[in-house]
Structures are given as structure tokens and as C-alpha cells.
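Notes to accompany the following structure.
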Amino acid sequence: MKFLDWPPVWTGGFVALTWALDQLLPWGMFGPAGRTIGAVLVAVGLFLMAGAAAQMVLARTTFIPRRDPSALVTGGLFRFSRNPIYLGDVLVLAGAVLWWDVPLAAMLVLLLILVIQHRFILGEEARLRAAFPQDYARWSARTRRWL
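Residues in the sequence shown are numbered consecutively from 1, following the working numbering.
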């Protein structure tokens, strides 16, 4: 059951819940602009996830949560966010909220941020701090956790 506690599973579950809310309570508030902005957010989110994961693979370190890192990646997408994959998860969900026009589901975006931060980011930061104390301190001083 541990595989169910992964950020993509949380994101997918919240996206599915957003879709279900759309089926139950259609709003029609955002219109075509919501679909366009939503599609862009989903595309940017997927790009961030794939690009950051590729950077980590190239650096020969893991992108799987709760595993010990073998390298600290601070360049590329990681210059702008310490968590571009998780930022991508949040953008995908925000895009789904706009695409399906479910303003009520905006609270799920905030909930996803809290879940990811408390269930994954804080532990990962501790592992990185322990493995790369000086490099992590410099990187975290100049790069924000989210954006």
C-alpha cells in the first residue's frame, strides 16, 4: 500500500475528484478562457515534471520520494524551484480545476500543496540537508521551495 502514498497518486486522486465535482455540479464560470488557461497550466505542469525528472536521472539521483539522494541537482529547472516536480503536480491540478470549470475544487489545490509539503517535501529537505549540508544550505538560501 506504500505505493499509494506517492505525489502522482495524490494528484491523480484530486484530479479525479475535480472531474467528479464537474459531473455533479457544473458551473460554467470560467468559459473558454478557463479551458485555455487550464490546458496551458497542465502542459507547463507536465513539462516541469518530465524535465525535472530527466535532470535527476541525468544526475544519477532518484526522483522517487523517500529514497536517499546520491546527488544534489541545483541547475536547470531547480534554479527556479527546489521542487519543480511537485510544482508541476500542483499546476496540473490547477489546470484541471480551470479546464473542468470547478471553482469549488480550488480548495483541492491548497490541500494538495499541504499534503505534498508535509508528506514529502519536509522529509526530502531533511535528507538533502543531511547528505549535502553546505551545498543544500547555499541552494535553499537562494532558491524558494515552490516558486
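Glycine included, every Cβ here is placed at the ideal spot set by N, Cα and C.
- In terms of Cα proximity to Trp-19, the closest of Val-97, Val-90, Ile-85 is Val-97.
- Counting only runs that start and end inside the region 68 to 110, the alpha helix (DSSP H) elements of at least 4 residues fall at 84 to 99.
- Note that the C-beta distance between Asp-135 and Leu-72 is below 9 angstroms.
- Arg-82 places its beta carbon 9 angstroms or farther from that of Arg-138.
- Less than 9 angstroms divides the Cβ of Gly-45 from the Cβ of Leu-87.
- Excluding residues up to 5 positions away in sequence, Gly-34, Arg-35, Gly-38, Ala-39, Val-42 lie with their Cβ nearer than 8 angstroms to the Cβ of Trp-99 in the same chain.
- For the pair Leu-110 and Ser-70, the Cα-to-Cα distance works out to about 31 angstroms.
- Judged by DSSP in its simplified three-state form, Leu-4 adopts helix.
- In its chain, beyond the 5 residues on either side, Phe-80, Ser-81, Leu-87 have a beta carbon closer than 8 angstroms to the beta carbon of Leu-147.
- Distance between Val-102 and Val-9, taken at the CA atoms: about 20 angstroms.
- Going by C-alpha positions, Arg-60 is about 15 angstroms away from Ala-50.
- Within the same chain, Val-90 come within 7 angstroms of Ile-113 by CB-CB distance, once the 5 residues on both sides are set aside.
- Exposed is the label assigned to Ala-141, since fewer than 16 other Cβ atoms lie within 10 Å of its Cβ.
- If you draw a straight line from the Cα of Met-29 to the Cα of Thr-74, it comes to about 40 angstroms.
- In the same chain as Arg-66, and ignoring 5 residues on each side of it, the C-beta atoms closer than 7 angstroms to its own belong to Gly-123, in chain order.
- The DSSP-derived three-state label of Ala-59 is coil.
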